[in-house]
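Under our numbering, read the sequence shown as residues -15 to 282, first letter to last. For reference, the structure discussed in these notes is given below.
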Amino acid sequence: MTGVRAIVGFGRTVADLAATEAFYRDALGFARVAPPEPVPVAQAEAMGLSDRRPTQLRMRLGAQSVTFLTVDPPGAPYPADAAATDPFFQHFAIPVRNMDAAMAQLAQVGPTPISRDGAQRLPASSGGVAAYKFRDPDGHPLELIEFPDGPPAARWRDAPGLFLGIDHSAITITDLDAALAFLTGPLGLTVAQRGLNQGPEQARLDGVDDPKVDVIALEPPEPAPHVELLHYRAPATQRQNLYGPADRAATHTVFSTADPKGLVRRLGEAGLSPRASADGAAIYCAGPDGHGFLFLPA
């Protein structure tokens, strides 16, 4: 297998690890895995951070993990005027057992909202979920999601607590064909579901006027968590994702791969520019819209 096996985590660049830990712990129930520590040399090398001092804090929610990074000297801050349609947008969708209880806990830390008028119940044509989008202290987007029934609800039924884990990470993309070619080609993900979301509920959820957004779910061979593409037909954005791992707008998806050398070859053949550490223990590649992907040997 020269593609990927599973999503084994996510990375997110922030300004202050202590403030980040407090927010994710108190608002969302994340737990610290280990004290702050230097980013492993191979990963720093692959991500182009060898000339800086990157420090990481690993946290877990259920079976999923996020590694928060600080970088010295720091990169660019998160853009103040960011919108859900911007291609540097990448959120974590956190399933909750009860939306009202989750919103009450979240309200205690006063996050910056993305959604208008609180949590939204989407129509059945858009999945029928209840969802709410907001930002962490750095501006990174997050989503709470309550599944009404069906396979998604069943997948999380036995997870403990109010905040159950990370179901998927959604990324906004501008070129749908290029994103699909990247994720289904070199990475080997499979399209699991496609839909077109629109209407007043979607507008309030995304905090934008009159959205029309393609939502495409893609799964690795081990399907949980998965990736979703958000392709806004309207409103369109002219912005680009010019942010790298040192910048606070950066979030990267961490995949495991059984064949790192084969993956590097396939990424190169697809016209991308993967960067591997000298020992081959880490590979980093930016996708067609600039979203970051880190690959670690399985």
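C-beta atoms are modelled at their ideal positions from N, C-alpha and C, and glycine is treated no differently. Bear in mind that the values here come from a model prediction, so they are computed numbers and not experimental data.
Item: Output the distance between the C-alpha atoms of residue 7 and residue 176, rounded to the nearest integer angstrom.; Value: 32 Å
Item: Do the region 73 to 85 and the region 122 to 131 meet, that is, are 3 or more Cβ pairs less than 8 Å apart?; Value: yes
Item: How far does the alpha helix (DSSP H) with residue 187 in it reach, from first residue to last?; Value: 184 to 190
Item: Taking only the alpha-carbon atoms, compute the straight-line gap between residue 89 and residue 262 and give it to the nearest angstrom.; Value: 45 Å
Item: Under a three-way DSSP split, which group does residue 111 fall into?; Value: coil
Item: Mark residue 280 as exposed unless 16 or more other C-beta atoms lie within 10 angstroms of its C-beta, in which case mark it buried.; Value: buried
Item: I need the DSSP call for residue 89, collapsed to helix, strand or coil.; Value: helix
Item: Taking only runs of the alpha helix (DSSP H) that begin and end inside the region 106 to 181, which ones reach a length of at least 4 residues, in chain order?; Value: 134 to 140 and 160 to 168
Item: Helix, strand or coil, according to DSSP, for residue 41 in the structure here?; Value: strand
Item: For residue 46, which three-state DSSP category applies?; Value: coil
Item: For a test of the three-state rule: what should DSSP assign to residue 252, helix, strand or coil?; Value: helix
Item: Is residue 110 near the ligand ADP, in the sense that its beta carbon is under 7 Å from a heavy atom of that ligand?; Value: Questions concerning the ligand ADP fall outside what the structure shown contains, since it holds no ligand whatsoever.
Item: Any idea which residues DSSP pairs residue 199 with across the strands?; Value: 179 and 214
Item: Residue 100 to residue 272, Cα distance in whole Å?; Value: 30 Å
Item: Who are the Cβ neighbours of residue 123 in its own chain at under 6 Å, not counting the five residues just before and after it?; Value: 62
Item: Mind checking who residue 16 pairs with in its DSSP beta bridge?; Value: 43
Item: Where residue 151 and residue 75 are concerned, what is the direct C-alpha to C-alpha distance, given to the nearest angstrom?; Value: 11 Å
Item: Any idea what DSSP makes of residue 221, helix, strand or coil?; Value: coil
Item: Determine whether the Cβ of residue 109 lies closer than 8 Å to any Cβ atom of chain C.; Value: Protein chains in the displayed structure number just one, and chain C is not present.
Item: Would you mind stating whether residue -6 and residue 192 have Cβ atoms separated by less than 8 Å?; Value: no
Item: Using a Cβ-Cβ cut-off of 7 Å (strictly less than) and excluding sequence neighbours within five positions of residue 275, which residues of its own chain qualify?; Value: 74, 155 and 225
Item: Are the CB atoms of residue 230 and residue 16 within a distance shorter than 8 Å?; Value: no
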